[in-house]
Amino acid sequence: MTQPDTDRDPEPQLGPDGYALQDDARARSIRALRDRARCVPLAGAFLLLSPLLNAVSGAGTIAGVPVNLLYVFGVWFTLIFITFRLASGLEHDDGEH
Amino acid sequence: MESIEPTLRAPLNGDMLVTASLWYVAFLFLIAFWAERRAGQGRAAWLHSPYVYTLSLSVYCTAWTFYGAVGTAARGGLEFLPIYLGPTLVFIGWYFLLRKLIRIGHAQRITSIADLISSRYGKSRSLGVVVTLLAVIGSTPYIALQLKSITLSFSAFAGAVPADAPDGSGRITAFWVAAGLAAFTILFGTRNIDANERHTGVVMAIAVEAVVKLVALLTVGVFVVWGLNDGPASVFAQMPPNLSQIETVFTPRWVTLMFLAGTAVFCLPRMFQIAVVENSSEHQLATAAWAFPLYLALISLFVFPIAIAGLAQFGTDTNPDLFVLTLPLAAGQNGIALLAFLGGLSAATSMVIVATIALSTMVSNHIVLPIWISYRNIQTTGDDVRGVLLTSRRVSIITILILGYLYFTVSEPRALAAIGLISFAGMAQVAPALIGGLYWQGATRVGALAGIGAGFLLWAYTLLLPSFEGGFLLSETVIASGPFGLSVLRPQALFGLEGMDTLVHSMFWSMSVNIGLFVGGSLLSSAQPLERVQARQFVDVFRSPDTAAAPVARNARTSDLYHLASRILGLDAANRLFDVETRAQGKVVGLPEANDRLIQALERELAGSVGAASAHELVGQVAGQWNVTVAGLMRIADETSQLIEAKRRLEHQSSELENTARALRDANAQLKHMDAMKDAFLSKVSHELRTPMTSIRSFAELLSDMDDVSNQDAKRFLRIIRDESVRLTRLLDEILDLSFLESGRATFNIAPVQLAEVIERAIASSEGLIGTSGIRIETVIPDPCISVDTDFDRLAQVIINLISNAVKYGRGTTPQITITTGNDAVGAYIDVSDNGPGVQPDRREEIFEKFARLGEKTIVGSAGLGLPISREIMRNLGGSLVLLPGGPGATFRIGLPTAEMAAAHAASR
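Protein sequence lines, in the order shown, are assigned to chains A and B.
The working numbering numbers the first residue of the first sequence as 20 and each following residue consecutively.
The working numbering numbers the first residue of the second sequence as 15 and each following residue consecutively.
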């Protein structure tokens with residue numbers, strides 16, 4: 020699928036019907052991915068760099084492991100998983116920030 | 015657990031360790047050598063795999079991580095975590111920062127962090143020197159830290175596990191380790207001057223070491239949790255209270271550590287080298303974005319359990335930095351201990367190798383080469399430039415390692431983490447200028463220089479020098495009570511800021527002053543032309559193509575340029591470059607023309623080897639200095655502003671179109687409504703006109719058809735025909751009148767009018783109506799002198815209409831009409847009320863519509879246009895006609911405009 024050239028009339032370049040629609044949908048999904056990719060570190064900063072940490076500290080233990088340790092590692096692995104899901108979609112994104 | 019059963023039962027001694035180390039290092043040499051050969055044969059596609067890139071990034075985890083993280087956890091609980099969480103946040107936010115950094119790195123052929131800063135701020139030589147010095151000074155403690163950790167790990171095996179007392183043997187170990195590292199680095203780091211400063215062999219060896227580190231630490235972790243204990247619960251059950259009862263994790267120190275680690279992951283010379291310089295494509299980053307944080311999380315997973323188990327077993331007497339080694343040793347698990355030792359060795363050596371490569375590149379490109387250039391001219395000298403570069407890099411590597419070794423011998427025994435943090439804090443001084451340079455076009459060289467310089471000095475004064483504890487430059491008394499006894503200037507309580515953690519204190523002052531001077535200096539200084547060009551290429555790297563038009567005209571002979579290229583890049587690379595350019599110019603053979611494009615391409619290519627500033631200088635020697643023309647600069651500015659302007663205009667146009675479309679839609683709806691109203695009006699008018707017409711026609715037919723019509727009947731019929739004609743005429747008159755009024759073509763004769771007079775005239779004119787119905791008219795005129803500017807006849811017409819309306823509908827038991835005048839806030843008014851049944855509330859507005867009474871019986875042959883006409887008249891006169899709410903009868907109010915309002919209304923018409 021080729022990116023429509025904005026300088027020229029896009030009509031002749033679009034072969035079968037629906038190409039324009041597909042491109043549009045793809046651009047929209049890329050934009051949504053970018054927005055999510057931008058939000059992940061912000062959410063991470065909030066979860067790991069705020070007084071929330073004090074809230075979970077001293078909250079006892081779960082199965083013998085301190086809750087704050089579980090919390091930090093839980094957030095950590097969740098962030099990694101989300102980034103993993105988002106990164107493949109943005110790997111070939113050459114767009115503007 | 016079976017899998018980690020010891021393979022070696024005999025006690026380890028020093029010789030065996032040295033043997034193991036040597037074998038391991040030989041193995042690394044082999045890997046590096048093999049990878050370089052594969053790359054040389056062009057069969058190294060998988061060497062550029064994102065996973066190799068990710069693993070090589072783990073050079074972030076040095077011996078500090080391997081040994082020190084456990085030590086930190088044993089001393090301060092969760093405090094070891096920010097060192098790994100900071101980089102995690104930066105990497106999962108790859109889309110913000112790292113992606114741009116790498117894109118710029120590729121576009122500008124960046125060779126080091128000093129090169130990046132220098133290149134961004136107009137290829138500044140001074141900035142290159144400052145950042146290089148900062149990097150060397152900042153990295154020296156870190157290299158010393160690696161040497162120290164290796165000697166510590168040797169001493170741990172020596173048996174007694176003494177805390178650390180580097181006697182002669184420790185120093186000798188450290189010396190030989192440093193020498194071995196120098197050999198490896200020189201061999202694989204400076205084999206040649208690569209056009210992109212990439213070192214395939216080194217990266218591959220680092221990636222293998224990364225795996226060893228991870229496997230070793232995980233093995234020790236699994237052994238401690240499931241081998242020495244019965245799972246996590248039993249480990250945490252032994253947790254000493256000082257670790258379990260820490261309830262304020264989120265402290266200024268936590269934030270500072272997070273910030274330091276976050277900046278370190280791209281500011282430390284070795285991290286920049288791996289993440290940006292050795293990166294071969296952006297796609298690698300998309301994988302590293304999650305894979306590197308995963309690596310960090312796995313490395314940290316067992317740190318806390320190991321620390322707890324170590325504390326439980328050894329108490330606080332032994333050095334907690336060595337728990338990774340001492341735990342398996344104490345359990346007699348020599349195999350695991352050896353693996354842990356090799357893991358630590360990997361962590362230490364990989365850091366030293368990459369750091370020295372990065373630093374030596376910086377030193378040779380930003381210090382040695384500029385000095386060489388200022389003494390020699392590339393065109394006249396016969397020196398071997400590549401030889402000079404290589405030699406300077408090799409000498410730099412040895413010098414840096416010697417510096418590290420000296421620091422190791424001078425520094426007091428300290429925890430590993432403290433030394434590492436000094437390093438982090440030093441390189442963090444580059445972060446404001448770096449990040450500002452990527453996103454803010456207004457950042458200038460002066461600001462960057464001031465910020466980095468001041469931050470550097472403050473960091474040295476408040477953190478680095480006190481770390482020697484009186485051993486170097488600052489004496490113990492100065493540290494304790496300030497220079498010259500000035501307690502205000504105490505390094506660890508600057509300006510009386512006491513009671514803070516020394517790291518937080520140092521970061522607070524150095525970063526505040528750094529950022530303040532950077533921003534302030536940028537705002538108060540103006541950028542040189544070359545700075546502006548570079549700033550635009552950096553900040554807009556995603557917007558502008560990387561081959562931006564050069565705003566300068568430079569001249570050179572092609573042969574001179576070729577000479578320069580072959581001297582720096584080597585003959586092969588120079589030939590390749592010139593071939594490409596020849597073909598780009600449409601020629602088949604021969605040398606390309608020395609146009610701007612060629613000169614620029616050459617400068618970029620050279621920058622990949624010697625850094626932007628030196629490349630600029632070298633090309634300047636051949637092609638003349640970079641003299642920017644005002645027109646050229648304007649063109650750059652124009653391109654950007656034109657784009658912005660075009661975008662703005664498009665947005666404006668589209669919003670305008672939207673507004674127009676909305677207005678059109680509204681207008682269309684209104685037209686449709688009016689069309690429907692017109693249709694209704696026409697059908698009503700036809701209906702009204704038909705009634706009299708029908709009766710006229712039928713009576714006329716009667717007259718003409720009947721032969722024996724009596725005279726009396728004929729007269730009656732003719733009277734009916736006449737009456738109906740009159741009604742028809744009046745109806746047509748009314749319609750015409752209304753259409754005139756509605757279209758605003760009616761003319762009015764405005765003059766001062768006494769209200770009492772108008773009312774009198776209207777009542778007189780209505781006498782004919784009243785006389786037959788016996789209605790009484792009462793007037794209440796409190797102030798007979800009220801006078802307004804209006805049309806006398808038209809106002810009288812309105813009152814007559816209202817009276818006739820009241821006569822028609824206001825049939826009370828004793829019908830009475832009351833006409834009242836008065837003044838209110840708006841102006842004078844005339845009320846006409848009757849005592850009839852009034853108007854249904856839901857019909858209040860309807861009665862003003864044309865032919866509202868269609869279908870109703872009317873006394874006088876009115877078509878029901880009286881009220882609409884009256885309202886139109888009042889509208890034209892600038893007044894109003896409304897039906898007042900409330901009963902019992904109907905009260906119509908004629909609002910009369912004051913003189914000013916009438917004038918304003920007349921003007922608006």
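Each residue gets a CB set at the ideal place from its N, CA and C atoms; glycine is no exception.
Being a predicted model, the structure only gives us computed values, none of them experimental.
Nearest Cα to tryptophan 95/A within the set Pro60/A, Leu109/A, Ser107/A: Pro60/A. Per DSSP, reduced to three states, the secondary structure at phenylalanine 509/B is helical.
Restricting attention to Gly534/B, Gly604/B, Arg597/B, Asp610/B, the CA atom closest to the CA of alanine 570/B is found in Asp610/B.
Using a Cβ-Cβ cut-off of 8 Å, phenylalanine 96/A counts as an interface residue toward chain B, since at least one Cβ of chain B sits closer than that to its own.
Close to threonine 262/B, with beta-carbon spacing below 8 Å, are these residues of chain A in chain order: Asn73, Ser76.
Across the set Leu616/B, Ile106/B, Gly604/B, the C-alpha of Ile106/B shows the shortest separation from the C-alpha of tryptophan 304/B. In the same chain as valine 553/B, and ignoring 5 residues on each side of it, the C-beta atoms closer than 6 Å to its own belong to Gln455, in chain order. With respect to the 8 Å criterion, isoleucine 164/B and leucine 373/B are not classified as neighbours on the basis of their beta carbons.
Beta-bridge partners assigned by DSSP to arginine 790/B: Gln830/B.
When only Cα atoms are considered, tryptophan 473/B and isoleucine 436/B end up about 9 Å apart. Annotation note: the stretch 466-518 of chain B contains the following uninterrupted alpha helix (DSSP H) runs of length 4 or greater, listed N- to C-terminal: 490-495. Linking alanine 457/B to serine 540/B through their CA atoms gives a straight-line distance of about 9 Å. Ranking Leu583/B, Thr596/B, Ala598/B by CA distance to the CA of arginine 618/B puts Leu583/B first. Cβ neighbours of valine 527/B within its own chain (closer than 7 Å, five residues either side excluded): Ala468, Gly469, Leu472.
Using a CB distance cut-off of 8 Å, alanine 193/B does not count as an interface residue toward chain A. By the neighbour-count criterion, in which 16 or more other beta carbons inside 10 Å mark a residue as buried, serine 847/B falls on the buried side. When the alpha-carbon of valine 896/B is set against those of Pro902/B, Tyr843/B, Gly850/B, Asn849/B, the nearest one is in Tyr843/B. Interface annotation, phenylalanine 65/A: not in contact with chain B, CB-CB separation never under 8 Å. One alpha carbon belongs to glutamine 768/B, the other to aspartate 689/B, and they sit about 41 Å apart. Of the candidates Met253/B, Gly203/B, Arg408/B, Arg134/B, the residue whose Cα lies closest to the Cα of proline 319/B is Met253/B. The bridge partners DSSP lists for phenylalanine 906/B are Val846/B, Leu897/B.
In terms of CA proximity to alanine 447/B, Ser133/B leads the group Pro911/B, Gly892/B, Ser133/B, Gly604/B. Against chain B, the CB of valine 84/A has a partner CB under 8 Å away; the residue lies at that interface. Assignment of beta-bridge partners to glutamine 768/B by DSSP yields Ser801/B.
The contact set of tryptophan 454/B on chain A, defined by CB atoms closer than 7 Å, is empty, because the minimum CB distance reaches about 14 Å. Within the stretch 885-912 of chain B, no residue places its CB atom closer than 7 Å to a CB of chain A. Fewer than three beta-carbon pairs drawn from the stretch 119-139 of chain B and the stretch 352-371 of chain B are found closer than 8 Å, and the two stretches are therefore not classed as touching. At a C-beta separation below 9 Å, arginine 57/A has these neighbours in chain B: Gly107, Tyr109, Phe110. Residue range 348-377 is occupied by the alpha helix (DSSP H) that includes alanine 362/B.
Separation of arginine 267/B and leucine 336/B (C-alpha to C-alpha, rounded to the nearest whole angstrom) is 24 Å. When C-beta atoms of the stretch 362-371 of chain B are compared with those of the stretch 145-161 of chain B, three or more pairs fall below 8 Å, so the two segments count as touching. Around the beta carbon of leucine 632/B, a 10 Å sphere encloses 16 or more other beta carbons of the protein chains shown; the residue is thus reported as buried. At the C-beta level, serine 739/B and isoleucine 710/B come within 8 Å of one another.
Restricting attention to Thr708/B, Met707/B, Pro706/B, Phe731/B, the CA atom closest to the CA of serine 718/B is found in Phe731/B. For isoleucine 99/A, the C-beta contacts it makes with chain B under 7 Å involve Trp304, Pro307, Leu308, Ala311, in order along the chain. Rounded to whole angstroms, alanine 74/A and threonine 262/B show a C-alpha spacing of 9 Å.
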